[in-house]
Structure formats: structure tokens, C-alpha cells
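Protein chains in written order, with this note's numbering: chain A, 3 to 297; chain B, 3 to 297.
Backbone N, C-alpha and C fix where the C-beta goes; we use that ideal spot for every residue, glycine too.
Keep in mind the model is a prediction, meaning the values are calculated, not measured.
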């Protein structure tokens, strides 16, 4: 058992024979030198990733995360990931951490060493931070201009707005800016005034009885946690919908959350310094669902 | 002597004693495992870089590149790079490759292993590609929407548009899109129709007797090669200026180039399928200057 675990992966083609799976990855010492400096991940941020939650030994939503990894690969023209290989590596990595508690399991696929003919892959598992306060009392959020107009991703697919790439420098800068302003997280807004997503999360707002989130066509990453929550709410007969919301509409919402795989549902308690209602019961129900075993 | 050389660097603070410089870096086997998978460069594209040309043993424009690296560090809130350390590593790396021919020397500074308390650095030198055709006959360029309006970088500094970060996935996707369209390179255009820069180059256009380039405030990286060319042209009494140009104005230019540290001045022979005049004499003069030793 270890709290932090790393694996290096030689990504296999989708049609690889199953006999090659076990020998296609190996555990490495966390923090040890593993990637070449001219690998296109450190060189160019040129790769894709997913972060999965491991809750008491269960890896959440492996299928949806691998489906999105495959979509990111398609958008960035990387070879299609072999789902059986990644399922196996994910299982092996999750088995190496304690069977109790929360962990964040990141899988990544890079274009490989320059010029990028052979992809590189890795898995890195770390203990989850303590998100109790964020999940209960909520978070303070500031809205930040994302610079792009709603729908830019469809007009300009090379911007990769719908792919989960390793190029997150601006997302990290947005979180630093939010902290500088005394907040916990950021919410990106399109240059034409529509709310988009957080730097590492999706937005869900409740307006009356309806749960609303940003349409992926607006130019965002389609959230696996948001999809999981919407499927859960729909199964309960609740109303859910994809709709563009302005920042003013969000300010009048009855409740709102930034949702993500590891922090789960964090209610927005404050938006740009003004309080937003926190629905404690709804939030607790959402996080109870998100923390339950999901596939 | 080797054609490809890598160094790992422990970035020193600016006030480090000179006695620590020599022991602060070491040569490593190119392509060997060097960076941890949870270093924030591969993890998040969270770092900065510069690419310098080495021409017949002379490293071009070390000072301007280190000045821009320091500016990128400021914009991304990385520790200020120690210029003496980087000068020494650059010199040592350049001494390891043959004293004849062209090489590309990349220096990079990452936020370090997650959570990023201690930066990581590296240098990687590779032989320059053969750019003779691009420098003489020119390149075919397609214009691609950059998604952001002119000036977005000043309104939203967290977009890091003026920093040379390791998050280049979209830049690489734009070059792939250009190649898919049968071109050699891309030219980003703002969502409001102004020409910006190439994914890895700056634009210079000649309109009549004046050389014009995009103002950095438009939301671009200020090019070291563009600045070097402008200083050279000004010293010759030529007219140079920073001015916003629309794509239509560029189409009517008397000549235009994409300029960068390693490919140097590549005349745009074709823009979106329509020919653009190539000024062979001016281009040859520019490249002769760029290939001469510059500090």
C-alpha cells in the first residue's frame, strides 16, 4: 500500500492482442524521472488526460472517463486509446492505494517524444484533499472573462475547447487570479456574457425546479460529473436542461454548484462577492450520490 | 560532440551565489526519463520556454530571450529566472554540438513537481531542420480564427496570451489544421478580424515602404525575431511600426513574412490560397541578417 502511486504506460493500439496488456505498463517510483524533456507533454502540453475519483477502493465512472479520453484523442488526432489497457492499468493503480478514503487517479496520454510518432502514457494517484468544507459550506467564486465568444469551439475546433488537454496553464492562472481576489475558484464567462465552466469543473444551476448547465457547443468540456448528476436527477423525475445562461441569470439562481470528479459538488456560496443561496439538503443529496459507487 | 543534447537544471534564485552555478545542472541522455509524471509541465503545461537558434556555434540573442523568459515568469508567477545560470547552461549546451550548422536550443522552466514549490528546468538542443525552401520560395499560410477579440490579453491577463507557456496544444492543432488544408503554417486572426501571429511565429508585413507588425497589446507574444528585425531595419533608416492590420489589409500587402528564431524569415507566398508577392531581395537580406551573429 502506498498513498501516492505512479505507472508508466506504453499505449497500445485498440486492436492489440490481450496478451500484451500486462507487459504494457510498469509501476515507477513517484517523483522519479520518467518522461523525456522532449516528450511533447512537457514540451508542448500536447496530450490529453482524465482525473478519476477512487472512493474506498472503487474507481468512479471508468467508462465515461475513457469515453471522454477517446473523444479528446479524436479532437487532438492522437491514436485511439485502448480501453482494455486503460481499464487494467487503472485497476492495478487503484489496487495499490488503501481501500479506504478518497484518491485522485489521473491518466494521461501524450503525443510522445518529439516528433510524436509513439504516444507516452502514465497514471498518477494521490490522496484526495479534504473537501468537507467546500462540499458543505460551499465556495467563493469569481467570474473571469474566458476571452472567447460562445460557440467559438465549433467555429474553430483547433482551439481544442472540447478536449481535455494537458495545456492547462491558463486554467491554473485563472485559479491563482481567483485566490488573489480572496475567492476559492473561478467561473469562466464568454466574451459575450454567457457562463461557461470552471477551470477544472462544470457549472450546474438550479432555477426554480430545473437544473441547468452550459451546452457543450458553447465551447466547454462536457463534464463527466455533470452528466452523471443529470442522469441521476432525471431518473428521479427532476427537470434538467442544457441552456445558455448569462451571468445575470446565474446571479438570480436558486442554487448553483461547481461539480468535478474529485471535489464533487461544491455549492457556490458567493459569486463575485455577492451571496448565492446554498441548498444544503440538495447539496448533501448530490454528494451522497457522487460518493456512492458509480460505474 | 552530439547532434542532440539534453540538460536538467535546478533553477537557482536570482540572488544565488555564483559558486553554485556549475553544480546546478547536469547533462542527461537525450530521450531518457528525466521529469516526474506529476511535474506540472507534463501535468498541466504549466511552465515557460524559449527557443534560441545556434548558428555555427553562436547562440543568437541570448539577452532578449532571457528577458522574455523573465517576462513570461512574471506573467505566470514563476520565480524570476537567474540569468547568469541560464547563460552558463546555454553556453555549455551549445558547446556540446558541432561548431558548424544550425541548431535549435530550447530552454524551459516548469513550476515543478505538484504542488509546484520548487521549479524544474531543462535545455534540449536538436539539429535545425532544412529551412532553405521556406526561407527562399516561401510558405503557404492559412488564416485561422484565434477565438479571442483583439486586446483580450490586456482585459484578461489570466489567459497568458503574452507569455510563452508550455501549453501549446492549440498552437500545434492549428499547424495540423493548416497542413490538412494543404498549407505549411497558420496565421491566427482575432475574432474581430485583425491578424495576430502564427502559432510559433510573428507576422511582419510591408505596406509600401513601411514594415508593420501586430502590437503586443493585441494579445500576442512579442517576438524576439520581429524585434531584432525592426531594430535592424530602423538602423538602416527604414520605416517600421506597430499597427493593427485586418486580414484584408494583409492581403493587399507588398510582402509579408512569418518570422521566428529558428526558421528565420519565411515569406508568405500564398495566403488562404491566393498568391502574395514574395520580395526575394528583401527576404534574402533579412535572412542574411538573421543568420549573422546577433547578441
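- request: Below 8 Å on the Cβ atoms is my guess for residue 56 of chain B versus residue 11 of chain B; work out the distance and round it to an integer in Å.
  value: Actually they are not in contact, since the Cβ atoms of residue 56 of chain B and residue 11 of chain B sit about 17 Å apart, beyond 8 Å.
- request: Give a single yes or no on whether residue 267 of chain A has its beta carbon closer than 7 Å to a heavy atom of the ligand MN.
  value: For the structure depicted, the ligand MN is absent and the ligand set is empty, with no information on it obtainable.
query: In chain B, which residues lie with their C-beta within 7 Å of the C-beta of residue 124 of chain A?
result: 39
- request: Go ahead and label residue 290 of chain B buried or exposed: buried means 16 or more other beta carbons lie within 10 angstroms of its beta carbon, across all protein chains shown.
  value: exposed
task: Kindly list the residues whose CB is nearer than 6 Å to the CB of residue 224 of chain B, restricted to its own chain and excluding five residues on each side of it in sequence; keep chain order.
output: 218
query: Which runs of the beta strand (DSSP E) fall wholly inside the stretch 15-66 of chain A and span at least 3 residues, in chain order?
result: 27-30, 49-57
- prompt: Comparing the C-beta of residue 35 of chain B with each C-beta of chain A, is any distance below 8 Å?
  reply: yes
message: Using a Cβ-Cβ cutoff of 7 Å, what residues of the stretch 184-210 of chain A are near chain B? List them in chain order.
response: 193
message: Does the CB of residue 277 of chain B have a neighbour CB from chain A at under 8 Å?
response: no
message: Taking 8 Å as the threshold (C-beta atoms), are residue 173 of chain A and residue 126 of chain B in contact?
response: no
- prompt: Which residues in chain B sit within 7 Å of residue 150 of chain A, going by Cβ to Cβ distance?
  reply: 149, 150
field: Cβ-based neighbour list, residue 146 of chain A, same chain, cut-off 8 Å, excluding 5 preceding and 5 following
entry: 176, 179, 180, 188, 189, 190, 191
message: Measuring straight from C-alpha to C-alpha, what distance separates residue 137 of chain B and residue 205 of chain B?
response: 14 Å
query: When you compare each of A:118, A:109, A:248 to residue 92 of chain A by their alpha carbons, which one comes out closest?
result: A:109
- prompt: Exposed or buried, residue 21 of chain B, counting other C-beta atoms within 10 Å across all chains shown (16 or more means buried)?
  reply: exposed
- prompt: Which residue comes first and which comes last in the alpha helix (DSSP H) that contains residue 270 of chain B?
  reply: Per DSSP, residue 270 of chain B belongs to no alpha helix (DSSP H); it is in the beta strand (DSSP E), 266-273.
field: Residues that residue 161 of chain B contacts on chain A, provided the C-beta gap is smaller than 7 Å
entry: 149, 172
- prompt: How would you write the range of the alpha helix (DSSP H) that residue 291 of chain A sits in, first residue to last?
  reply: 282-293
message: Any beta carbon of chain A sitting closer than 8 Å to that of residue 112 of chain B?
response: yes
task: Can you tell me which of the three DSSP states residue 108 of chain B falls into?
output: strand
Contact set for residue 116 of chain B: own chain, Cβ-Cβ below 7 Å, skip 5 residues either direction: 40, 42, 45
query: Expressed to the nearest angstrom, what Euclidean distance is found between the alpha-carbon atoms of residue 169 of chain B and residue 221 of chain A?
result: 18 Å
- prompt: Using a Cβ-Cβ cut-off of 8 Å (strictly less than) and excluding sequence neighbours within five positions of residue 14 of chain A, which residues of its own chain qualify?
  reply: 22, 23, 26, 84, 87
message: Please report whether the beta-carbon of residue 236 of chain B lies at a distance below 8 Å from any beta-carbon of chain A.
response: no
field: Contact with chain B by residue 47 of chain A, beta-carbon distance below 8 Å
entry: yes
- prompt: At which residues does the beta strand (DSSP E) containing residue 215 of chain A begin and terminate?
  reply: 212-215
Pairwise C-alpha distance: residue 3 of chain B and residue 156 of chain A: 48 Å
message: With a threshold of 8 Å between beta-carbons, can residue 68 of chain B be considered close to chain A, or not?
response: no
- request: Please name the residue in B:280, B:295, B:294, B:297 whose C-alpha comes closest to that of residue 135 of chain B.
  value: B:280
query: Quick one: Cα of residue 209 of chain A to Cα of residue 70 of chain A, how far?
result: 28 Å
query: CB residue 298 of chain A to CB residue 102 of chain A, shorter than 8 Å?
result: In the structure displayed, chain A extends from 3 to 297; residue 298 of chain A sits before or after that span and is not available.
message: Can you give me the C-alpha to C-alpha distance between residue 227 of chain B and residue 51 of chain B, rounded to a whole angstrom?
response: 15 Å
field: Residues near residue 196 of chain B by beta carbon distance below 7 Å, same chain, minus five either side
entry: 152, 220, 246, 247, 248
task: Mind reading off the beta-carbon distance from residue 160 of chain A to residue 9 of chain A? Whole number of angstroms is fine, and I expect it under 8 Å.
output: Incorrect: roughly 31 Å between the Cβ atoms, too far for contact.
message: Using the Cβ count rule (16 or more neighbours within 10 Å means buried), how would you classify residue 31 of chain B?
response: exposed
- request: Tell me the start and end of each unbroken beta strand (DSSP E) in the stretch 153-224 of chain B that is at least 3 residues and wholly inside, in chain order.
  value: 187-191, 204-209, 212-215
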